[in-house]
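Okay, structure first, notes after.
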Amino acid sequence: MTGWEELIKACEKCQKCVLAKTRTNVVIGRGNINAPVMFVGEGPGEQEDKQGLPFVGAAGKLLDLLLDAMMFKKEDYYICNIVKCRPPGNRVPTDEEAESCLPYLRQQVRLTRPKIIVCLGSTAARFIIDRSARITNIHGQWFERKGFSIMPTFHPAALLRDESKKALMWEDVKKVKQRLNAI
Ligand code: URA
563 MTGWEELIKA CEKCQKCVLA KTRTNVVIGR GNINAPVMFV GEGPGEQEDK
613 QGLPFVGAAG KLLDLLLDAM MFKKEDYYIC NIVKCRPPGN RVPTDEEAES
663 CLPYLRQQVR LTRPKIIVCL GSTAARFIID RSARITNIHG QWFERKGFSI
713 MPTFHPAALL RDESKKALMW EDVKKVKQRL NAI
């Protein structure tokens, strides 16, 4: 895989795991492909699978509201997921599914070269930071890896279930905005 076109083609014809059998669309990413900040979620849901774009359902709308309220500009960020195909019923992707999909995420990171990577929820934190990561324990802390500043925070869907996480996520994303402003 060399550039974006190759990456997209490879994802579209990918049959590396069972998720390929039930997907409507492969969901690769949205936003600025040269952005300084990359947000990484878990995997597409129903709306994302239908539209072929990440974070366009209820959780995505909440994420957009948060980023707008924090004065992120559209060109500041790129949004993608650990797995590019919807797990049926929105179940958590298995380790095998995530691992077979990770080369695509690594290529996205190589092409975008973000300064900051934000892990949205436990699945992203587990596969980007540490397999034993628990978001409640590590959210809001910076991890420095391979020249990237990595910030784990809650998945916006968790905020839809538990309002009390909103203030915590706000503080975490504020740290991201502050670091972005300092770049
Ligand atoms: N949840 C995710 O993790 N990713 C999406 O794209 C949508 C919902």
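The C-terminal position of the sequence shown is numbered 745 in my numbering, with every residue numbered one higher than the one before it. All residues carry an ideal CB built from backbone N, CA and C; glycine is no exception. In this text, all values refer to a predicted model and were calculated from it rather than measured experimentally.
Check: Under 8 angstroms between the Cβ atoms of L722 and H701?; Outcome: no
Check: On the DSSP bridge assignment, give the partners of R707 in chain order.; Outcome: F710
Check: Determine, using beta-carbon pairs with one atom in the region 605–617 and one in the region 702–717, whether at least three such pairs fall under 8 angstroms.; Outcome: no
Check: I need the boundaries of the beta strand (DSSP E) containing C576, first residue and last residue.; Outcome: Premise fails: C576 is in no beta strand (DSSP E) and is neither H nor E.
Check: Going by C-alpha distance, which of R592, D626, G622 is nearest C642?; Outcome: R592
Check: Pick out whichever of A572, D724, G605 has its Cα sitting closest to the Cα of P650.; Outcome: G605
Check: Under 8 angstroms between the Cβ atoms of A621 and I644?; Outcome: no
Check: Drop a sphere of 10 angstroms on the beta-carbon of T715, count the other beta-carbons inside from all chains shown, and report buried for 16 or more, exposed for fewer.; Outcome: buried
Check: Within 8 angstroms, do at least three Cβ pairs link the region 685–696 to the region 572–589?; Outcome: no
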